[in-house]
Amino acid sequence: MTNQNQQNANQRQEKQQDDKQNQQDDKQHQQNQQGDELRQQNQQDDNQNQQRK
């Protein structure tokens, strides 16, 4: 395998790892968003419960 081929292979591997990391980041971001939405929902429920008292 020539040097150039080796470099290309390394770059491909790095790109794959970057892609994988980006996917994980996206997933984490989605989960964070869902968490925020749940917190907002709970806050609204709390407010409604306060009003009912």
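At position 36 of the sequence shown (counting the first as 1) the number is 116 in this note's numbering, and the numbers step up by one without a gap.
We treat Cβ as the ideally placed atom computed from N, Cα and C, and that holds for glycine.
Computed from a predicted model, the values in this text were never measured in an experiment.
Out of curiosity, what's the CA-to-CA distance linking Q113 and A89?
Take the alpha-carbon of Q113 and the one of A89: they are about 36 Å apart.
Endpoints, the alpha helix (DSSP H) within which K107 is located
Per DSSP, the unbroken alpha helix (DSSP H) holding K107 starts and ends at N83 to R132.
What number of angstroms, rounded off, separates the C-alpha of Q120 from the C-alpha of Q110?
About 15 Å.
Report the rounded CA-to-CA distance for Q124 versus D105, giving the unit in angstroms.
Inter-residue distance for Q124 and D105 is about 29 Å (C-alpha atoms, whole angstroms).
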